[in-house]
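**Q** Below is a structure I'd like to ask you about.
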Amino acid sequence: MSSSVLQIRDLRVTFSTQMGELRAVRGIDVDVVPGEILGVVGESGSGKSVSFLAAMGLLPKSATITGSVELDGVELIGAGRKAIRSVRGKSLAMVFQDPLSALNPVHRVGDQIVEMIQSHQDMNTHDAEKKAVELLEIVGIPQPDERALQYPHEFSGGMRQRVVIAMAIANNPKVLIADEPTTALDVTVQAQILEVIQRVQQTFGTAVVLITHDLGVIARVADSVNVMYAGRNVESGSVQSLFDHPSHPYTRGLLSSLPHEGIERLNPIAGFPPNMLAPPSGCGFAPRCQHATKACSAELPALAPFEDLLTSCIRADELRVGRRS
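Residue numbering for the sequence shown follows the working numbering, beginning at 5 and increasing consecutively.
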């Protein structure tokens with residue numbers, strides 16, 4: 005396997021709030037491999053988006069960040085603002101959930117792409133405008149030369165998301181982070197956006213991190229997956245292995261809640277995620293897990309190899325069964 009282009013080790017993020025210290029991320033490891041799509045999946049509040057906002061240097065001052073985030077061997081945690089800005093949008097880019105918030109409503113989309121290009125490349129305006137049109141064509145916008153002259157409000161939600169992707173890949177980043185890029189889009193448009201992300205990955209060899217709450221999205225496009233719960237990785241490995249024989253009870257719960265042929269009733273996971281102002285001392289999923297023992301609540305299990313997956317469950321060897329059993 006190729007070495008990681010983005011390597012995260014023991015990342016921890018804590019927010020200072022009026023109610024106390026909120027431990028959003030509690031020591032995660034992530035390896036993003038060149039040319040692959042890594043899916044990061046979990047419920048709202050699991051820490052998946054916060055982890056990569058930390059990597060991008062986009063968290064507020066109320067956040068305390070420790071651990072290591074290396075991009076091609078260069079440490080980003082603790083780097084100065086100037087150093088982070090030189091990386092963000094060039095080597096490391098992000099597509100956000102709401103494309104409208106990422107676009108300036110009073111500037112033409114082509115001009116916004118040109119600005120992104122010229123902020124990191126020594127390119128004259130004529131060539132940058134030409135490249136902007138090419139990027140719009142790559143992401144599947146028809147009549148890109150005409151659409152480049154239009155404003156964000158003249159685009160549909162799906163087309164705006166394509167524009168944001170074009171901006172994100174304008175400087176050929178090594179890593180593209182897509183944070184819930186299909187949320188609030190209808191099913192047909194979701195599929196189209198996922199196809200665009202795959203096209204970018206295949207055309208440019210870009211490493212992609214796809215953040216989502218939907219394992220169905222992961223199944224469509226990802227090569228590998230990290231499952232997050234309560235600020236920690238609970239399971240990771242190849243998508244095929246995870247879908248064929250998940251080890252962690254939380255992963256199995258997510259899979260059982262997916263609609264599929266032959267099942268008339270879905271089985272949502274009972275209960276609620278823990279309060280991260282006072283996270284459990286043991287396994288974060290223990291209060292919701294039907295297989296939990298006293299040891300689960302007392303011991304915080306490390307992410308350890310279990311056959312062809314990495315799993316954070318002290319009972320994994322007892323519980324691992326087929327996906328549909």
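Each residue gets a CB set at the ideal place from its N, CA and C atoms; glycine is no exception.
Everything numeric in this text was worked out from a predicted model, so none of it was measured.
1. Taking Cys287 and Leu304 to be in contact with their CB atoms under 8 Å, please state how far apart those CB atoms are, rounded to whole angstroms.
2. Go through its chain and collect everything with a Cβ distance to Phe310's Cβ below 6 Å, but skip five positions before and after it.
3. In three-state DSSP terms, what is Gly220?
4. Can you tell me whether Ile121 is helix, strand or coil according to DSSP?
5. According to the neighbour-count rule (16 or more other Cβ atoms, all chains shown, within 10 Å of its Cβ), is Asp126 buried or exposed?
6. Helix, strand or coil for Met5 per DSSP?
7. Find out if the Cβ-Cβ distance for the pair Val9, Ile222 is shorter than 9 Å.
8. Check each candidate in Ser95, Met171, Glu150, Ser285 and name the one with the smallest Cα separation from Ala211.
9. Would you kindly report the start and end of the unbroken beta strand (DSSP E) that includes Val45?
10. By Cβ distance, which residues of its chain are closer than 6 Å to Thr186, with the 5 residues on each side in sequence left out?
11. At the level of alpha carbons, what is the spacing between Asp131 and Met171?
12. Have a look at Phe276 and Asp115 and give me their C-alpha separation to the nearest angstrom.
13. Does DSSP put Asp126 in a helix, a strand or coil?
14. Would you call the CB atoms of Ser285 and Ala302 closer than 9 Å?
15. Should Gly183 go down as buried or exposed, given a rule of 16 or more other Cβ atoms within 10 Å for buried?
16. Which term fits Leu381, buried or exposed, when burial requires 16 or more other beta carbons within 10 angstroms of its beta carbon?
17. Quick check: the Cα distance between Leu262 and Thr129, rounded to an integer number of angstroms?
18. Hey, Val225 and Ile201: beta-carbon distance below 9 Å or not?
19. Given this structure, state the Cα-to-Cα distance separating Asn237 from Lys134, to the nearest angstrom.
20. Quick check on Glu40: buried or exposed, where buried means 16 or more other Cβ atoms within 10 Å of its Cβ?
21. With DSSP run on the structure shown, which of helix, strand or coil describes Ile142?
22. Gly71 and Arg13 look like a contact to me (Cβ under 8 Å); what is the Cβ gap, rounded to whole Å?
23. Starting from Arg166, follow its DSSP beta bridges and name the residues at the other end.
24. Give the range of the beta strand (DSSP E) segment to which Glu74 is assigned.
25. Below 8 Å, is the gap between the Cβ of Thr297 and the nearest heavy atom of the ligand ATP?
26. Got a sec? Which residues, its chain only, sit under 6 Å from Ser260 by beta carbon, not counting five neighbours each side?
27. Applying the criterion that 16 or more other CB atoms from any shown protein chain within 10 Å of the CB defines a buried residue, is Pro156 buried or exposed?
**A** A quick look at the data gives this:
1. In the sequence shown, counting from the first residue as 1, residue 287 sits at position 283. In the sequence shown, counting from the first residue as 1, residue 304 sits at position 300. Contact flag correct, Cβ pair sits at about 7 Å.
2. As a working note, residue 310 is residue 306 in the sequence shown. Answer for Phe310: Ser251, Ala320, listed in chain order.
3. On the sequence shown, position 216 is the one that residue 220 refers to. In this structure, Gly220 counts as helix in the three-state DSSP scheme.
4. Numbered from its first residue, the sequence shown carries residue 121 at position 117. Here Ile121 sits in helix by DSSP.
5. The residue you call residue 126 lines up with position 122 of the sequence shown. When all chains shown are included, Asp126 counts as exposed.
6. The count along the sequence shown starts at 1 and reaches residue 5 at position 1. Because the pLDDT of Met5 is 44, which lies under 50, any placement of that residue in the model is unreliable, and the number read from its coordinates should be weighed accordingly. Note: Met5 maps to coil in three-state DSSP.
7. Here residue 9 refers to the residue found at position 5 when the sequence shown is read from its first residue. Here residue 222 refers to the residue found at position 218 when the sequence shown is read from its first residue. The answer is no: Cβ separation not under 9 Å.
8. Taking the sequence shown and counting its residues from 1, one reaches residue 211 at position 207. Ranking the options by Cα distance to Ala211, first place goes to Ser95.
9. The sequence position of residue 45 within the sequence shown is 41, counting from 1. Val45 -> beta strand (DSSP E) spans 41-45.
10. To locate residue 186, count along the sequence shown from 1; it is residue 182. Cβ within range, chain order: Gln194, Ile197.
11. One-based indexing of the sequence shown puts residue 131 at position 127. One-based indexing of the sequence shown puts residue 171 at position 167. Their Cα atoms are separated by approximately 15 Å.
12. Taking the first residue of the sequence shown as position 1, residue 276 is located at position 272. Taking the first residue of the sequence shown as position 1, residue 115 is located at position 111. Note on geometry: alpha-carbon atoms of Phe276 and Asp115 lie some 45 Å from one another.
13. Along the sequence shown, one-based indexing puts residue 126 at 122. The answer is coil: DSSP assigns Asp126 none of H, G, I, E or B.
14. Residue mapping note: residue 285 aligns to position 281 of the sequence shown, counting from 1. Residue mapping note: residue 302 aligns to position 298 of the sequence shown, counting from 1. Against a cut-off of 9 Å, the Cβ pair of Ala302 and Ser285 comes out as a contact.
15. By one-based count along the sequence shown, residue 183 stands at place 179. In the sequence on display, residue 183 carries Asp and not Gly. If you draw a 10 Å sphere on the C-beta of Asp183, you find 16 or more other C-beta atoms in it, and that means buried.
16. This structure leaves residue 381 out entirely; the chain is present only between 5 and 329.
17. By one-based count along the sequence shown, residue 262 stands at place 258. By one-based count along the sequence shown, residue 129 stands at place 125. CA-CA distance, Leu262 to Thr129, rounds to 48 Å.
18. Position 221 of the sequence shown, counted from the start, is the residue given in the question as residue 225. Position 197 of the sequence shown, counted from the start, is the residue given in the question as residue 201. Going by C-beta atoms, Val225 is nearer than 9 Å to Ile201.
19. By one-based count along the sequence shown, residue 237 stands at place 233. By one-based count along the sequence shown, residue 134 stands at place 130. CA-to-CA, the gap between Asn237 and Lys134 works out to about 43 Å.
20. Indexing the sequence shown from 1 puts residue 40 at position 36. The residue is buried, with at least 16 neighbouring Cβ atoms inside 10 Å.
21. On the sequence shown, position 138 is the one that residue 142 refers to. In the structure shown, Ile142 sits in a helix (DSSP, three-state: H, G or I).
22. One-based indexing of the sequence shown puts residue 71 at position 67. One-based indexing of the sequence shown puts residue 13 at position 9. At roughly 6 Å, the Cβ-Cβ gap stays under 8 Å, so Gly71 and Arg13 are in contact.
23. Residue 166 sits at position 162 when you count from the first residue of the sequence shown. The partner list for Arg166 (beta bridge, DSSP) is empty, contrary to what the question assumes.
24. Numbered from its first residue, the sequence shown carries residue 74 at position 70. In this chain, the beta strand (DSSP E) harbouring Glu74 covers 67-75.
25. Judged by which ligands are present, the structure shown has none, so any question about the ligand ATP falls away.
26. As a working mapping, residue 260 is identified with position 256 in the sequence shown. Hits under 6 Å: Asn271.
27. Residue 156 sits at position 152 when you count from the first residue of the sequence shown. It is buried - the Cβ of Pro156 has at least 16 other Cβ atoms within 10 Å.
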